[in-house]
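In the numbering used here, the protein residues as written are 33 to 223. We treat Cβ as the ideally placed atom computed from N, Cα and C, and that holds for glycine. None of the values given here were measured: they were computed from a predicted structure. Report on the following structure.
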Amino acid sequence: MLADPPLFRGADETRGDHGETAMAKRKQPGGVDGLIDELLKLRTLGADTRADLEELRDAQAKGELDAADAAYVANLHARLKGGVVRPAPDPVADPVSGQVSGLVPANDTDADDALTADDDTALFADADIDVEDAETGTAVDWQAEAEHWRERAEAAEAELADLKDRHDALREELASVRETAADRTDPNNPG
33 MLADPPLFRG ADETRGDHGE TAMAKRKQPG GVDGLIDELL KLRTLGADTR
83 ADLEELRDAQ AKGELDAADA AYVANLHARL KGGVVRPAPD PVADPVSGQV
133 SGLVPANDTD ADDALTADDD TALFADADID VEDAETGTAV DWQAEAEHWR
183 ERAEAAEAEL ADLKDRHDAL REELASVRET AADRTDPNNP G
């Protein structure tokens with residue numbers, strides 16, 4: 033019996049160490065190469081992260097990039113450029129030591145504190161990003177944003193002062209109308 037034909041040329045060719053076909057190793061616009069190129073364009077990357085990404089790009093070009101590294105690139109891209117962060121691969125137990133990689137020991141309070149900390153350092157700690165560079169490297173000009181909201185607050189305060197003045201003027205007018213009305217008698221109600 034004849035086998036089903038491959039879906040694309042090269043589907044049954046030699047596979048890499050991780051089951052990748054020759055077709056999957058080629059550079060694709062939305063592939064790992066494209067993600068690495070986009071990340072390297074960011075000014076907010078630390079030197080270590082930049083060096084790691086360049087090594088990963090070389091490994092991808094040679095067809096030696098493993099799935100964990102590809103997942104790291106995809107997650108880093110999603111975190112820094114905005115998007116969906118894919119879940120990390122399942123932890124694998126080391127057959128020699130029996131320890132599970134990727135997990136934090138239960139008594140590691142430092143890791144728990146870093147996860148619950150409400151500061152920028154904890155958010156960027158594992159991405160090798162300088163927090164000050166990350167804040168200034170975003171697409172938002174925070175100085176201009178703060179100035180914009182300051183101007184809006186000043187305009188709102190001025191509008192509130194005008195409304196208070198108008199309110200006081202209307203109260204005075206109402207009091208004046210009440211005084212003149214008290215002196216008048218209603219011709220329809222003589223009594």
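1) Find out if the Cβ-Cβ distance for the pair I68, R89 is shorter than 8 Å.
2) Three-state secondary structure (DSSP) at L192?
3) Are L72 and L108 touching if we call contact CB-CB under 8 Å?
4) Since L97 and V64 should fall inside the 8 Å C-beta cutoff, what is the C-beta to C-beta distance between them, to a whole number of angstroms?
5) With burial defined as no fewer than 16 other Cβ atoms inside 10 Å of the residue's Cβ, what is the status of L112: buried or exposed?
6) Using 10 angstroms around the beta-carbon of L77, count the other beta-carbons present and answer buried if the total reaches 16, otherwise exposed.
7) If contacts are defined as beta-carbon pairs under 8 Å, then A91 and D101 qualify, I think. What distance do you get, rounded to the angstrom?
8) Which partner residues does L71 have in the DSSP bridge list?
9) Does DSSP put L97 in a helix, in a strand, or in coil?
10) L74: buried (16+ other C-beta within 10 angstroms of its C-beta) or exposed?
11) Mind checking V105: buried by the 16 CB within 10 Å criterion, or exposed?
12) If we ignore side chains and look at the alpha-carbon of each, how far apart do A176 and A79 end up?
13) By how many angstroms is the C-alpha of N220 removed from the C-alpha of N184?
14) When you compare only the Cα positions, how much space is there between A190 and K196?
Quick look at the numbers:
1) In this structure, R89 lies closer than 8 Å to I68 by Cβ.
2) The answer is helix: DSSP assigns L192 an H, G or I state.
3) One thing to note: L72 has its Cβ no nearer than 8 Å to the Cβ of L108.
4) Yes, they are in contact, since the Cβ atoms of L97 and V64 sit about 6 Å apart, within 8 Å.
5) That one is buried.
6) When all chains shown are included, L77 counts as buried.
7) Indeed, because the Cβ distance is near 7 Å, the residues count as touching under 8 Å.
8) None; L71 has no bridge partner.
9) DSSP places L97 in coil when its eight states are reduced to three.
10) It is buried - the Cβ of L74 has at least 16 other Cβ atoms within 10 Å.
11) So V105 counts as buried.
12) C-alpha separation (whole angstroms): 28 Å.
13) Before going further, note that residue 184 is Arg rather than Asn in the sequence given. Take the alpha-carbon of R184 and the one of N220: they are about 53 Å apart.
14) Across the structure, A190 and K196 are spaced so that their CA atoms are roughly 10 Å apart.
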